[in-house]
Amino acid sequence: MAKIVPLIALPIWARHSPRPRWFAAVVLTLLLIAAAPVVLTTGGIPPGLVTYGISWEFNGPLYEPAWRLLDTVGLSQAVKDGLDDLKQITGRHELWNRFYPFVYPQLLAKLLLGGVFLALWWRALRSAGVITGSGRTFEAFLLCTATLYPWYLLWVLPWAALARHRAWLALQALVQLAYLPKLSGAPLFPWIFVSIWLPFFLLLGWSRWSTD
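Residue numbers 5 to 216, in our numbering, belong to the letters of the sequence shown in order.
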């Protein structure tokens, strides 16, 4: 996953390239060449990538509180009630029964944050500069992902350094606390999680992506 996430910034790099169409054509050709053997072997999306998207979760800054909030307010049950109503209205019980296994707080939170990411990504595409746009793109992904290991910050570090972005630079140190659960057996949530992300979000409140 760490190898393919930078692909989300390719539209921005193409947009700011002196020859956007040529850049996009070359990149897409190389991606097709690289992806073809994998797709042909697996018959579609690699199972490991599906497992990562659905099952993996660790230290997601918005995801961890989001799924707990959705669980508390009972959104899963509300969605299931909606599916029950659809079965009664349409009479297509087999169709709607397929969705019940996917109605649980963690997956609902991932879907919700997926929508948030797309909105932030679209905003990043319209950024004035390549540094600002790239920084905002990786920022959006890291904020919305359900899995954020410390080394994931390598994606955003060059842009944070160029933009002198205090929040993300500080997070490079704070995120090392995420190793404590492995080293000590202490649970990540809530106290280690709060120790990492509360200072970050306070700094994020007045930090901006800028090279000024």
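Heads up, the beta-carbon is just placed ideally off N, CA and C, and yes, glycines get one too. Given the structure is predicted, the values throughout are model-derived calculations rather than measurements.
Reference residue i, options the options, closest by Cα
i    : options               : result
Y156 : P65, L187, P69, P22   : P65
F204 : L90, L192, V179       : V179
E98  : L207, P185, L87       : L87
K186 : N63, P22, L207        : N63
L73  : T46, L111, A38        : L111
A174 : A13, L202, L152       : L202
W163 : A29, P154, E143, L34  : E143
T55  : T151, W159, A190, T76 : T151
Local Cβ density within 10 Å of residue i, reported as buried at 16 or more and exposed below that
i    : result
W172 : buried
S138 : buried
Y183 : exposed
D216 : Because D216 sits at a pLDDT of 43, beneath the cut-off of 50, its placement in the model cannot be relied upon, and the point is left open.
W195 : exposed
I200 : buried
Close beta carbons around residue i, own chain, < 7 Å, minus the five adjacent residues each side
i    : result
Q176 : L157, L161
F145 : V9, I12, F121
Nonlocal neighbours in the same chain, by C-beta distance under 8 Å from residue i, ignoring five residues either side
i    : result
T94  : W100
F103 : L87
Check whether residue i and residue j have beta carbons under 8 Å apart
i    : j    : result
T141 : A128 : yes
F193 : E68  : yes
P51  : V42  : no
S80  : P109 : yes
A113 : A70  : yes
I16  : V134 : yes
V83  : V107 : yes
W125 : I8   : no
One or two residues paired with residue i in a DSSP bridge
i    : result
T151 : F62, N63
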